[in-house]
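Q:
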Amino acid sequence: MDNSHPVVPYIGQAAWAFVQPHFSQHGKDTLANLIAFVEEECIPAEKLFHDQISTDPSTRWKSYPAVIEQLKQKAKDRGLWMLWANKAQYQQIGNGLSNLEYAVMAEIMGHAIRVAPEATNSSAPDTGNMEVLARYGNDAQKRQWLQPLVEGKIRSSFAMTEYGIASSDATNIRTSIVLDEKTNEVVINGHKWWISGAGDPRNKVHLVMGKSDPKANKYNQQSIVIVPSDTPGVKLVRPMQVFGYDDAPEGHFEVRYENVRVPASNLILGLGRGFEIIQGRLGPGRLHHCMRSIGLASRALELALLRATDERKQTFGKSLYQHGTVVRDIAECRIKIDQARLLVLSAALVVDKHPERAKGALREIGMAKAFVPTVVNEVIDRAMQLHGAEGICQDTPLAQMWAGVRTLRYADGPDEVHLDQLGRTELKKVPEIRAKHERFRRREEEVTKGQKTASKL
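Per UniProt numbering, residue 1 is the first one in the sequence shown, and the count goes up by one each step.
1. For the candidate residues LEU34, MET291, THR183 and ARG328, whose alpha-carbon lies nearest to that of LEU305?
2. If you compare alpha carbons, which of SER54, TRP145 and SER168 is closest to ASP420?
3. Beta-carbon within less than 7 Å of CYS393's beta-carbon, same chain only, minus the 5 sequence neighbours each way: which residues are those?
4. Out of curiosity, what's the CA-to-CA distance linking GLU41 and LYS215?
5. In whole angstroms, give me the CA-to-CA distance for ALA368 and LEU343.
6. Report yes or no: do the region 97-105 and the region 47-60 share at least 3 C-beta pairs separated by less than 8 Å?
7. From the DSSP output, which residues share a beta bridge with PRO228?
8. Give me whichever residues DSSP pairs with ASP180 in a beta bridge.
9. Closest to HIS206 by C-alpha separation, out of ILE268, PHE243 and MET240, would be which residue?
10. If you run the structure through DSSP and keep just helix, strand and coil, what is PHE37?
11. Excluding the 5 residues preceding and the 5 following GLU107 in the sequence, name in chain order all residues of the same chain whose CB lies nearer than 8 Å to its CB.
12. Between the Cα of PRO228 and the Cα atoms of GLY199, VAL262 and ALA85, which residue gives the shortest distance?
13. Around the C-beta of ALA85, are 16 or more other C-beta atoms found within 10 angstroms, so that it is buried, or is it exposed?
14. Residue range of the alpha helix (DSSP H) that ARG424 falls in?
15. Look up residue 511 in the DSSP assignment and give the residues it is bridged to.
16. Take VAL352 as the anchor and find which of SER4, HIS22, ALA15 and PRO6 has the nearest alpha-carbon.
17. State yes or no: is the C-beta of VAL225 within less than 9 Å of the C-beta of VAL208?
18. Kindly indicate which residue of HIS323, TYR219 and ALA198 has the alpha-carbon position closest to the one of PRO239.
19. So if DSSP puts TYR257 in a beta bridge, which residue, or which two residues, is it bridged to?
20. Considering only C-alpha positions, which residue in the set ASP200, VAL186 and ARG363 is nearest to PHE158?
21. Just to confirm, is the Cβ distance from ARG382 to CYS333 under 9 Å?
22. Evaluate LYS218 with the Cβ neighbour count: other Cβ atoms within 10 Å of its Cβ, from every protein chain shown; 16 or more gives buried, anything less gives exposed.
23. What did DSSP end up calling PRO249 once you bin it into helix, strand or coil?
24. Determine which residues share a DSSP beta bridge with GLY210 and list them.
25. What is the DSSP secondary structure of PHE371, counted as helix, strand or coil?
26. In this structure, what does DSSP give as the bridge partners for VAL242?
27. Any chance the CB of LEU343 is under 8 Å from a heavy atom of the ligand NAD?
28. Could you give the DSSP three-state label for GLN314: helix, strand or coil?
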């Protein structure tokens, strides 16, 4: 095994030994290129990115940090564009990478999570929306919306979660999507919130999920329609805050759709196909979130190590690393990060073997989605504790990192939903397990009977 690849210091020899046989030479070269880009361009640009966000409420949501466009051009020049689009499904728009190869790259981008994913056009919610348009959109929809998203000229939102209901059960969605046959238009009325990217001044389109036929089978009641963000009746109510962070100038907005009218041709796949679309959208994207989060956890651990060995930060006459509890915390963080990484990498490998809507990897994806955000929050929390009060203020990125990852325990389905599905999947194995144990019992009887017969002889 080649341990000289620059990814080894990031993921360790064991993880690299696991994934290296599944990496093409193109994947290895792209990964090395990405590491250099993140180290040389993205991490050094983070402070400038935050400095360029206006603190004036009247302009905070009207402009976007200019450094991002500079980074996007540098990423294009390096060939680091659309890394998420894997070769199995999106070769025409992507970078020719497998899900496993991209999973490692997503972790690297997680070290500079605010700028690196967007700089390479590999950030949510655009990746999921491009996935929908590439897989389910017609030629006209692809020309009008997919192409500018691929080129990084516009941003988008996916409007599913609703105000006042339990949106973790998508059958509860109440936004109405009604076909006006007289005008051949779709009329949308609904109240959404936590719509990522809706406040971005570059946002040009929302993919809106709503109920088009309440009398149909519960999995055929929903539809998804393309709504240009400047359509009359689309109203941004307010940015939602996560523990006080508004994530300007992208944000997670409360949005009302009041008698919004768009052509019927804006329906994706047609009426009643919404569930089919969201199931195809959510699979690999959940892994993207997980791997980026692991990158965050690794960076948090690095900050913890720097703090623990800072000789200026002594307590009771000792450096922090000389306290046994600190050493134990560091060790447990390393174990948890490596556990989480290998779980996600194994899921990505299964997705590559079952690329169609990640059907064959639902179990593995569910485990990763339920496990990783909790683990990453634990690691960041330990790093915050090591920093004392500094760890929960704006002088380190840790508090904002913690707040961002905490939301992933709701995003793409809350932990409880994934755990419930996993538990039900395990329970389905009971008949097979009973049959196996019955075979063991019968064989045990045969062995015991044979032993008694032999002893008599």
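Even for Gly, the Cβ is constructed at its ideal location relative to N, Cα and C. It should be emphasised that the depicted structure is a prediction, and the values quoted were computed from it without experimental measurement.
A: Taking the structure as given:
1. As a working mapping, residue 305 is identified with position 305 in the sequence shown. Among LEU34, MET291, THR183 and ARG328, the Cα nearest to that of LEU305 belongs to ARG328.
2. Taking the first residue of the sequence shown as 1, we reach residue 420 at position 420. Minimum Cα distance to ASP420 is reached at SER168.
3. Stepping through the sequence shown from its first residue, residue 393 is reached at position 393. Sequence-distant partners of CYS393 (beyond 5 residues in either direction) whose C-beta falls short of 7 Å from its own C-beta, in its chain, are ALA399.
4. Translated into positions along the sequence shown, residue 41 becomes position 41. Translated into positions along the sequence shown, residue 215 becomes position 215. The straight-line gap from Cα to Cα measures roughly 53 Å.
5. Translated into positions along the sequence shown, residue 368 becomes position 368. Translated into positions along the sequence shown, residue 343 becomes position 343. So the two alpha carbons sit approximately 6 Å from each other.
6. no
7. Stepping through the sequence shown from its first residue, residue 228 is reached at position 228. Beta-bridge pairing links PRO228 to VAL205.
8. Along the sequence shown, read from residue 1 onward, the residue named residue 180 stands at position 180. Here ASP180 is bridged, per DSSP, to GLU185.
9. As a position in the sequence shown, residue 206 is number 206, starting the count at 1. Closest by alpha carbon: ILE268.
10. Position 37 of the sequence shown holds residue 37. Shown here, PHE37 sits in a helix according to DSSP, grouped into three states.
11. Your numbering for residue 107 matches position 107 in the sequence shown. Excluding sequence neighbours, GLU107 sits near TYR10, ILE11, MET291, ARG292, ILE294, GLY295, SER298 and ARG341.
12. Taking the sequence shown and counting its residues from 1, one reaches residue 228 at position 228. If we check each option's Cα against that of PRO228, VAL262 comes out closest.
13. For the purposes of this step, residue 85 is taken as residue 85 along the sequence shown, with counting starting at 1. Buried, by the Cβ-count rule.
14. Within the sequence shown, the letter at position 424 stands for residue 424. It spans 415-427 - the alpha helix (DSSP H) in which ARG424 sits, taken as one unbroken run.
15. What the structure shows of the chain is the stretch from 1 to 457, and residue 511 is not part of that stretch, so it cannot be assessed.
16. For the purposes of this step, residue 352 is taken as residue 352 along the sequence shown, with counting starting at 1. One detail in the question is off: residue 352 reads as Asp in this sequence, not Val. Nearest to ASP352 by C-alpha distance, out of SER4, HIS22, ALA15 and PRO6, is HIS22.
17. Reading the sequence shown from its first residue, position 225 is the one you call residue 225. Reading the sequence shown from its first residue, position 208 is the one you call residue 208. Yes, the pair counts as a contact, with Cβ atoms nearer than the cut-off.
18. The residue labelled residue 239 in the question sits at position 239 within the sequence shown. Comparing Cα positions, the closest option is ALA198.
19. On the sequence shown, residue 257 is found 257 positions in, with the first residue counted as 1. Partner(s): GLY190 and VAL234.
20. Mapped onto the sequence shown, residue 158 falls at position 158. Of ASP200, VAL186 and ARG363, the residue nearest in Cα terms is ASP200.
21. Position 382 of the sequence shown, counted from the first residue, corresponds to residue 382. Position 333 of the sequence shown, counted from the first residue, corresponds to residue 333. With contacts defined as CB atoms closer than 9 Å, ARG382 and CYS333 qualify as a contacting pair.
22. Indexing the sequence shown from 1 puts residue 218 at position 218. Per the 10 Å Cβ criterion, exposed.
23. The residue given as residue 249 occupies position 249 in the sequence shown. Of the three classes helix, strand and coil, the one that applies to PRO249 here is coil, per DSSP.
24. The count along the sequence shown starts at 1 and reaches residue 210 at position 210. According to DSSP, GLY210 bridges with SER223.
25. Here residue 371 refers to the residue found at position 371 when the sequence shown is read from its first residue. PHE371 falls in the helix class under three-state DSSP.
26. Within the sequence shown, numbered from 1, the residue matching residue 242 stands at position 242. DSSP, once it has assigned bridges, lists TYR245 as partnering VAL242.
27. Here there are no bound small molecules, and the ligand NAD is not part of this structure.
28. The residue you call residue 314 lines up with position 314 of the sequence shown. Here GLN314 sits in strand by DSSP.
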